[in-house]
Each structure stands twice: as C-alpha cells, then as structure tokens.
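Numbering (the working numbering), first residue to last: 1 to 124.
Pasting the structure below:
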C-alpha cells in the first residue's frame with residue numbers, strides 16, 4: 001500500500017514540475033516577444049519579486065499559484081492555456097517518466113531554444 005501512495009505522490013510531483021516548466025516557458029515567450037513586465041505579472045497573482053526570481057530560475061510554485069498565473073495569462077494577455085497546457089503537462093510527464101532522454105532532447109531542441117510557440121509540432 002505504501003508503495004502505491006509513494007508512486008502517486010511521485011507522479012504528482014512530476015506533473016507539477018512539468019507544469020512549472022511549461023508555464024516558465026510561456027512566461028519567457030511573453031517577456032521576450034511581447035515585452036511584458038514580469039513584476040506586474042507576478043504582482044497580479046500575489047507573488048513577491050524574490051519568489052518570482054527563484055521561480056523563473058527553477059523553483060516550483062504550488063498548483064494554486066499556477067492556476068492563478070494561468071488565469072492572469074488568459075485574462076490580461078489572451079494566452080489560452082487550458083487544453084494546450086494540459087496536453088503538454090501530460091505529454092511531458094509521460095516522456096519524462098518513460099525516457100528522460102526525450103525530455104532533455106525537447107529542452108535542447110531549436111523549438112525550445114527559440115521559444116517557438118509551435119512546440120506541438122516538435123512534440124507530436
């Protein structure tokens with residue numbers, strides 16, 4: 001029984017990591033292409049600038065904060081993430097679990113490096 005619970009928690013954290021990675025990716029695109037103000041974005045969801053800095057550099061935020069960030073991205077910037085984010089979260093979690101090499105391949109890909117929004121073309 002404890003193994004099953006452990007596995008579920010591990011899967012939850014993996015999905016959380018992938019979701020954080022993808023949201024960081026979206027924020028990077030908005031900053032680079034559309035010059036949005038990161039401080040304003042994080043202020044909207046009640047995240048202090050110090051945490052925002054750490055989040056942008058790899059620290060994970062909670063699912064609740066990610067939900068708020070998705071709403072702000074949608075409301076303020078017209079980024080529709082629901083289906084797209086769910087697809088990527090599930091897909092990235094799957095390939096990360098099955099093959100870390102595939103995930104690393106995507107992270108090193110030209111699509112990721114150039115912040116190409118058509119990442120679905122690369123991921124399939």
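By construction, the Cβ of each residue, glycine as well, lies at the ideal position given by its N, Cα and C atoms. This structure is a prediction, so every number in the text was calculated from the model and none was measured.
Spatial neighbours of residue i in its chain, beta-carbon cut-off 6 Å, leaving aside the 5 residues before and after
i: residue 20; result: 60
i: residue 44; result: 72
i: residue 25; result: none
7 Å CB neighbourhood of residue i in its chain, flanking five on each side removed
i: residue 16; result: 60, 63
i: residue 69; result: 23, 45
i: residue 65; result: 45, 47
i: residue 58; result: none
i: residue 54; result: none
Residue environment, residue i, which counts as buried when at least 16 other CB atoms sit within 10 Å
i: residue 41; result: buried
Beta-carbon proximity list for residue i, same chain, < 8 Å, skipping 5 on both sides
i: residue 151; result: With the chain represented from 1 up to 124, any question about residue 151 goes unanswered, as that position is not in the structure.
Inset, instruction - Evaluate contact between the stretch 28–35 and the stretch 45–54, counting only Cβ atoms and requiring at least three cross-stretch pairs below 8 Å. - result: no
Legend entry - Unbroken stretches of the alpha helix (DSSP H), 4 residues or longer, contained in the stretch 12–56: Correct list: 38–44, 49–56.
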